[in-house]
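Residue numbers (the working numbering): 1259 to 1334.
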């Protein structure tokens, strides 16, 4: 399962996302993730973006919630 955000404040010249005002989306809420994990046999979660660390508060909550629920969680 991949959790993705388009939020980013870095504006790297090689990135296809760039800074896009008004089109950014956030990580799904923990409740949405929980529903998905109940429906699908998810063993690995990949967290990516944009810049995942731009949503540090949500990221911390998601990582804490995922601990013990999936075999592997990668931050890309």
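Cβ atoms here follow ideal geometry from the backbone N, Cα and C, with glycine treated the same way.
Q. For residue 1333, which residues from the same chain have a beta carbon less than 7 Å from its beta carbon, with the 5 sequence-adjacent residues on both sides left out?
A. 1305 and 1310
Q) On the three-state DSSP scale, how would you describe residue 1212? A) This structure cannot speak to residue 1212, because the chain is shown only from 1259 to 1334.
Q) Just reading off the beta strand (DSSP E) that residue 1261 is part of, what are its end residues? A) 1260 to 1263
Q. Looking at C-alpha atoms only, which residue of 1290, 1307 and 1259 is the closest neighbour of residue 1268?
A. 1307
Q) Under the three-state reduction of DSSP, which class applies to residue 1295: helix, strand or coil? A) helix
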